[in-house]
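Per our numbering, the sequence shown runs over residues 1 to 250. To keep things clear, I will list the structure first and then write my remarks on it.
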Amino acid sequence: GIGGTFQNPNGLVSKYTPPSGYNLPITITLTTNGPCAGTDNLTINFATPPTLVLTATGPATATCGDVITVIVSATSGFIDMSSLQYSIGWDPSKLMFLDSIPAPIGGFTPGILTAPALPAGQMTYAWFDGSGVEGEDLANGSTLLTLTFKVIGSSGTVNVNLGGMPTPVEATNSQFCILPYSLQNNVNTVLQPITVGITGTSTICNGQSTTLTANGGTIFLWSNGATSSSITVSPTTSTTYSVIVTNANG
């Protein structure tokens, strides 16, 4: 036979545990003794649980100073669930974590752990169905977690990825079976540089003046100390003027 174990094999009620990892149909023969002896067969089939698909999504582009939102959703397969845990990671040199809002599931709010308990750029999510009996279902596409970050990088791309570090990914159903899962990391936000420019006549005659205007932000600091977006200057020798521009996001 294929093995497995019985609890109370000679009683009216018996519990059978198949071998670990076995998922093919099993036929159990039941035999009674005595004047009314008889034999019957029972076939146990193992159902394949659905794959839980988790997806992280965010904006396609962002500029330094922007506040962006990342959504983690249960794309499919959140059926008869009793627990779920996973990790989230990002580059803290490009994204500053601001807030997390986990959606309650079955009346229980998931636990979120991040810095200072964890290194910067790491977060863990853990949910357990406190009712402990029925398991929970969510419609496909349901939001599990909403994250907000401030962009502090100015070039390249930023990613917010679901993964198994530092907490491994694990999902179980109400029968305490470990479920298959798939992680879809779709946050690949391209950081766009702030466009700054200076307009105005750059060549003048001695004794003339010119107006220089900076654009691309809301706060200006010129090399001559002026803080307006435009300056009018009358240099007597060739002079270089520069400006530091800050946008509305700082």
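C-beta atoms are modelled at their ideal positions from N, C-alpha and C, and glycine is treated no differently.
{"Item": "Going by DSSP, what residue range makes up the beta strand (DSSP E) through D99?", "Value": "L95 to P102"}
{"Item": "Mind checking whether T61 and I194 have CB atoms under 9 Å apart?", "Value": "no"}
{"Item": "Assuming F97 and F149 are in contact, meaning their beta carbons sit under 8 Å apart, how far apart are those beta carbons, in whole angstroms?", "Value": "6 Å"}
{"Item": "Going by the CB atoms, is the gap between I198 and V243 shorter than 9 Å?", "Value": "yes"}
{"Item": "Mapping the DSSP letters down to three states, classify F78 as helix, strand or coil.", "Value": "coil"}
{"Item": "Return the Cβ separation of K94 and V187 in integer angstroms, given the expectation that the two are a contact with Cβ distance under 8 Å.", "Value": "The Cβ separation is near 12 Å, so there is no contact."}
{"Item": "Helix, strand or coil for A62, going by three-state DSSP, please let me know.", "Value": "strand"}
{"Item": "Along the beta strand (DSSP E) that carries M165, what are the first and last residues, could you check?", "Value": "Taken as a continuous stretch (DSSP letters only), M165 belongs to no beta strand (DSSP E), as it is neither H nor E."}
{"Item": "What is the rounded straight-line gap between the Cα of L84 and the Cα of S229?", "Value": "53 Å"}
{"Item": "Looking at the strands, I want to know which residues DSSP matches up with Y241.", "Value": "Answer is none; Y241 lacks a bridge partner."}
{"Item": "If you follow the beta strand (DSSP E) that V190 is part of, which residue opens it and which one closes it?", "Value": "T189 to Q192"}
{"Item": "If you measure between the beta carbons of N140 and I88, is that distance less than 9 Å?", "Value": "no"}
{"Item": "What is the DSSP secondary structure of I231, reduced to helix, strand or coil?", "Value": "strand"}
{"Item": "Thinking just about the alpha-carbon of each residue, which of T167, A214 and I219 is nearest to the one in P119?", "Value": "T167"}
{"Item": "With DSSP as the reference, label A126 as helix, strand or coil.", "Value": "strand"}
{"Item": "Have a look at V70 and T48 and give me their C-alpha separation to the nearest angstrom.", "Value": "31 Å"}
{"Item": "Would you give the residue range spanned by the beta strand (DSSP E) that V53 belongs to?", "Value": "L52 to T57"}
{"Item": "Let me check understanding here. Comparing Cα to Cα, which of A226, N247, V245 and G207 lies closest to T237?", "Value": "G207"}
{"Item": "Sort out for me which residues DSSP pairs E170 with in a bridge.", "Value": "Q85"}
{"Item": "To the nearest angstrom, report how far apart Q192 and L52 are at their CA atoms.", "Value": "34 Å"}
{"Item": "With H, G and I counted as helix, E and B as strand and the rest as coil, what does DSSP make of G156?", "Value": "coil"}
{"Item": "Quick check on DSSP: helix, strand or coil for T210?", "Value": "strand"}
{"Item": "Which residues in the same chain have their Cβ closer than 6 Å to the Cβ of S234, if we skip the five residues on either side of it in sequence?", "Value": "S209"}
{"Item": "Mark M123 as exposed unless 16 or more other C-beta atoms lie within 10 angstroms of its C-beta, in which case mark it buried.", "Value": "buried"}
{"Item": "Is the beta carbon of P102 closer than 9 Å to that of I112?", "Value": "yes"}
{"Item": "What do you get for G225, buried or exposed, if any count of 16 or more other CB atoms within 10 angstroms of its CB means buried?", "Value": "exposed"}
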